[in-house]
Amino acid sequence: MGQVTLYLPQEIEKAVKKEAKKNHKSISAYVSEILSQKVSPKKWSSAFLKVCGTWEEEFVEASELQNTKRDDLE
């Protein structure tokens, strides 16, 4: 894993330290998570997955569902 040195304004540094502590993470882990979400926004956030769960199967596209036979409703 690479190392990066960041220079932050004092108010940002304080906010980062506060948020990292609130989330029970090191500053490095917290900043890494934030940057990963920004750089790779195609993944669902861990907060979303905790609330909504995860899907283990392949996701079916809407176009594939359009021709699917459905049971009649009674």
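For the sequence shown, this note's numbering begins at 971 and goes up steadily by one. Ideal placement from N, C-alpha and C gives every residue a C-beta, glycine not left out.
Taken through DSSP and simplified to helix, strand or coil, V974 comes out as coil. When secondary structure is reduced to three states using DSSP, L1005 falls in the helix class. Going by DSSP, E983 is part of the alpha helix (DSSP H) stretching over Q980 to K992. Taking 8 angstroms as the upper bound for CB-CB distance, I997 and A990 are in contact here, some 5 angstroms apart.
In the structure shown, the three-state DSSP call for K995 is coil.
In the three-state scheme derived from DSSP, where H, G and I count as helix and E and B as strand, L1043 is classed as coil. Between N993 and E1028, the alpha-carbon positions lie close to 31 angstroms from each other.
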